[in-house]
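Have a look at the structure below before the remarks.
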Amino acid sequence: MRLLRSPRLATVLLVVICICAFHTTSAIDIPLEVLGHINIEQLPTITAQSPSTLIAFPFDESFPVICEAKGNPEPEFRWTKNDQEFDPFLDPRLMKEENSGTFVIPNNGNLTEYQGTYRCYASNKLGIAISKEIEFIVPNVPKFPKETLDPVVVEEGQPFTLKCDPPNGIPPLQIYWMTINLQHIEQDQRVSVGLNGDLYFSHAVEKDSRRDYCCFASFPRIRTIVQKTAMSVIVRTRKSDSSENANAILERKPSLLTPPGGKSEIQLVKGEDLNLECIAEGFPTPQVEWMKMGHKFPSKVRFENHGKLVIVPRAEQEDSGKYMCKAKNPLGEVQHTFTVTVEEPPEWVFEPESQLSMIGSDVHIKCSASGIPQPTTTWRVNGGPLQESPARNRRVIGDTIVIHNAQVSDSAVYQCEASNRHGTILSNANIMIMNLQPMILTSEGEEYSVVERKRVTMHCKVFSSPPSTITWSKDDSPESVHGPRFTVHENGSLKIYNVERGDTGQYTCLAKNTEGSSAINAMLYVKDPTRIVVAPEDQRILIGTTAQLSCLAEYDKSFSNDFELLWEKDDMEIALNYTENSRYFVENGVFHIMNVSHSDQGVYTCVAKTPADQDVASALLMVLDVPDAPENLVLSDRKGRNVTLKWVPGDDHNSSTTEFVIEYEESHWEPSNWKELLRVPGNRNSAELRLNGNVNYCFRVSAVNAVGTGRPSEATERYKTPPEAPDRNPENIRIEGHLPHEMDIKWEPLLPIEHNGPSLEYKVSYRRQDVEEDWKEHTVKRHSFVVRNTPTFVPYEIKIQAKNRQGFGPEPKLVTGYSGEDSFFWICPQEVTSVPSAAPDDVAVEVMNSSVVKVSWTRVHKDKLHGHLGGYRISWWRLRSLLDSKKSPGDKHTLAVPGDKNRATVPILTPFSEYSLIVMTFNGRGNGPGSHPVNFKTPEGVPEKNHDFRVTDVQRHTVSLVWKPPLEPNGILIGYLLKYHLINDTEEVGPLQTVDISKPETTTWILRDLEPLSKYKFYLCSCTTVGCGPDVSDECTTTLETSLASIHGGISTKGWFIGLMCAIALLTLIVLIACFVNRNKGGKYSVKEKEDLHPDVESQGMNDDTFCEYSDNDEKPLKGSQHSLSREIKAVESGDSLVDYGDEDAQFNEDGSFIGEYAGRKEKRASAEIKATIQTPA
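All letters in the sequence shown, in the order written, are residues 2 to 1179 by this note's numbering.
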């Protein structure tokens, strides 16, 4: 006998044993720790075996038949084949390994000689274990017989069946009916394939005639398809030219082609699919109905083959019962009843268990199985029938073997086998009879750590026979631990619940039986619990930014070297490699995620871990981003210029979509330029679009959320709207009269996309408003039109209507405008001009506060305007300060009030002053006459800043301060408020000290008791009864020592020096007064004041403020030339333009600034204008 070995065989055996192990017998496992101390014999145990059926597929290289076992001594193996001894070593073709029962059948040559049922026996001197029966099947290659088939001849309308009769083979079997060209035979209510593979025809029709009906049988497991000889069908049609029913098929009631008869019985094994089939013939084609008698069909039932097949997957006991099929047509019906019985293969109710028993004990081996039909149970001992190995102390009582007063010689392997017609199950039970003193397999001196209020298990694994009694004690105490917190399990382990600090100590496990005792010690340490004190918090983070999750923990100090702080994302640990490219790092207990992306969203868990326990805390990180682009844009409900746009919103990335922006692009006027068409709320996914005509549109949609606007979607297909008449007419119509006897009409043209069709034009219609006349109409393509030969400054009604080839736009609105104003040429001052001829009346001033007044007046009648009203102009000037009784008029200021208003607010006045004010109206040609002047006074205010505040003398403890009174006290000064405090280089300040100086004539002050070598900051403000003005400040640092000048007295304190300075000041004052008086000699100011207070209508065009004045619509003053007979005379506008300040009717430019400017003229410019006024008449 030759032993065949090779590396390839070893590999095959290893893989086969790992993969193909089907059943392992329960056994008594003697721990290796025990075997290391003493040699204990063990019964053989089957550890791996082949499945019950082995099929020799032709494409496999070899077929291993597995049998592996363990035992002490090592088991020996033998085989039986078909209940006859079989030795694999005697066959040189088989491959075999030492110390193994497995052999391998190679796939070379004839395999049929190995076909049969095998069983493996593993034996040593203690007993024999056996495997299940293993059936080795060598399938034949299925073939259809070679035969010659006669054509099937059938009358039209008659049923017929084409037999397949597939060959036997390895299931599953699949049947296909096709033509020679591999085209499937079409199946329907009339034609179908049965479960047996036959092709059934309910009734024949002429198109069934063909010569190539082929049945193909497919065996997927052996990768084989075989074809039956082609069959021919000839259908004889019913032809009778004399009959009205030529080619008519005779109707008949149904009958069943399969199954035959009225009832049948079906048996199947639990877990298999239940297939019930009824195929009927008749004309018209019968319809098949199903029912389960007395029950409803379960939900798992499927109906296939056009209702002729019922499939109940994975049949259970409740699927047993009676089923009925019924085939119907208008002529009648036929039915068939199925009685279904679901049977079961054997299953263990109580599988025999291996036992280790002491000598002299009673051993009970129980074996019980169930199945339908009820299985037959057979006992074996060491592989042989029980009755062939009699024993006086052994009896069989029902399903149990009882061994009384068992001895070592009663050790054996008992087999229980249960079988019925659906299968066999086998179980080996190793019965070991022996006595052994306790052996504790757990190591001595184990250490356990646990935190307070947790539980701990200390192990004490014991092997002995008979079983040992195990007790635990603490700290050498003679008493066992006890109480509700302590539990000793059957395996010897001690579990302590709700551990306390006092549980720390040494514990002893003691195992005892009749043969002796054994003990080990273990140490228990109770630790502080691990606790996360700063937990990560849920965050909503913007994509691309850095997320930070904090986590700090407390733990027992003894775990300093073993503590770990880990981070997990969605229960997967995050690897922190701290490389340059890593986006994750932990610093000072903070977990950083750089450049956050969508994939970073999830649940992050901080795990604080010690060998004794751990604590966890989680936070949800949500990544915010702009929404994804909408998808699947569809244009629907296309009705001319109306269309519905639908879309599927993209992911909003955790920030709800607030709105969708719909944009359009058209291919004619501005191709590739996307413009916004519409916005819809974020809870909608469609929009009704109202479009312009004659435009080739395409659309796209973008979503908006709190983060921003997302990418736009893909564009839709193009949609061309039909042309229509314009939807609207031009807007912003302006009527201007730049020249006399002309009216210039301009308007804002329609956008190209608003044309709605080709050939856009404008119909201009106009007529005088003050007389009855017909409309005059003109059609133009541009967006302006000039009406000539009009009367001067008369009202007209104008309307402008858009039109294209499709027609006119809607009826236009009427607009009123005026023709051109008068022109004039300079002749002399006495000639009538076109400026307004009347001044406003009832001018009143209401003082609001110290710097603002409200002015009101009565409007000038339109007949006195002589043109378009430009607005009103307010002029005012300061007469004097109320601190000074002498009047010295100041600069003149002007405020322009556009439009037809009768009130305005005058700002920025000087408090505690007397003012004079006039109001005049103006049109496009200039100012009208001024109103009678109105004088008013402003109340006291707070002073301006003090002049020239500074530090003059700095000593160790004192500082001298000097200042000048404010240039504009804005009232009667009542004193000064001086404040100071310590500061340092970082501007940190000490407490603020305050000095109230009640004498207004004081201009110097000495601060005493200051800190030496310290930096101080000083603040000074002037005060009236209204309040104190703004601060001025200075700072200095006190010295370390007092200066010599301070000790011996400086020159500034000498009497002669003070007298000299006073004389110089008095002389300077006298010179200044003389110059001032000389300059005012000649009454320049009085002349100017007189002209301002009493403006003359006839000379209005010549005065400074109104000389032939003309301003554009923005009321900006234009500088013109001097006298001219050929042009309009334009003069310098002396006043500046300012809209109502603080008035509810004030107007502003688009940038929010006042219309015009507000500023006073300089004194030098005022003098020049006065001089020019005097010289003009000359």
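For each residue, glycine too, the CB sits at the ideal point set by N, CA and C.
Counting other Cβ atoms within 10 Å of its Cβ, Ala1066 stays below 16 and is therefore classed as exposed.
Relative to the Cα of Pro93, the nearest Cα in the group Asn971, Thr81, Gln85 and Asn109 belongs to Asn109. According to the DSSP secondary-structure assignment, Thr472 is paired through a beta bridge with Leu511. Cβ neighbours of Lys126 within its own chain (closer than 8 Å, five residues either side excluded): Glu42 and Pro74. Just so you know, the alpha carbons of Ser428 and Glu418 end up roughly 7 Å apart.
Here Arg502 carries a helix assignment [DSSP, helix/strand/coil]. Ranked by Cα distance from Val343, the first of His423, Thr401 and Gly283 is His423. Residue pairing from DSSP leaves His599 without any beta-bridge partner.
Listed in chain order, the beta strand (DSSP E) runs fully inside the segment 84–160 are 85–87, 104–107, 117–125, 128–131, 135–138 and 153–156, counting runs of at least 3 residues. In the structure shown, the three-state DSSP call for Met1062 is helix.
Thr895 is not a Cβ neighbour of Leu962, given a cutoff of 8 Å. Cys216 sits buried, since 16 or more C-beta atoms from the chains shown fall within 10 Å of its C-beta. Looking at the backbone, the Cα of Cys279 and that of Cys326 are separated by about 7 Å. The C-beta separation of Arg685 from Val662 comes to about 12 Å, leaving the pair out of contact by the 8 Å criterion. Under the 8 Å Cβ criterion, the segment 1059–1079 does not count as touching the segment 982–998, having fewer than three qualifying pairs.
Residue pairing for Ser914: DSSP places it in a beta bridge opposite Ser882. Rounded to whole angstroms, Phe913 and Tyr767 show a C-alpha spacing of 57 Å. DSSP, read as helix, strand or coil, puts Ile41 in coil.
Approximately 13 Å separates the beta-carbon atoms of Lys558 and Ser450; this is outside 8 Å, ruling out the contact. Annotation for Gln190: Thr286 and His307 place their beta carbon closer than 6 Å to its own, counting only its chain and skipping 5 residues before and after. Using a 10 angstroms sphere on the CB of Phe937, the tally of other CB atoms reaches 16 or more, which defines it as buried. Distance from the CA atom of Thr425 to the CA atom of Gln375, rounded to whole angstroms, is 12 Å.
Following the DSSP letters along the chain, one finds Asn429 inside the beta strand (DSSP E) bounded by residues Gly424 to Ile434.
Ser124 has its alpha-carbon roughly 48 Å from the corresponding atom of Ile312.
Pairing Val227 with Phe145 gives a Cβ-Cβ distance under 8 Å. DSSP places Phe298 in the coil class of the three-state scheme, outside both helix and strand. The Cβ atoms of Tyr201 and Thr162 lie closer than 8 Å to each other.
When DSSP states are grouped into helix, strand and coil, Cys368 belongs to the coil group. In the three-state reduction of the DSSP assignment, Phe786 falls in the strand class. By the CB criterion at 8 Å, Thr645 and Ser687 fall inside the cutoff. Here the alpha carbons of Asp626 and Gly1030 stand approximately 53 Å from one another. In the structure shown, the three-state DSSP call for Gln318 is helix. Nearest neighbour of Glu345 by Cα position, chosen from Gln268, Leu357 and His405, turns out to be Gln268. Under the three-state reduction of DSSP output, Ser412 falls in the coil class, being neither helix nor strand. 8 Å or more divides the Cβ of Phe560 from the Cβ of Thr515. In the three-state DSSP reduction, Gln388 falls in the helix class (H, G or I).
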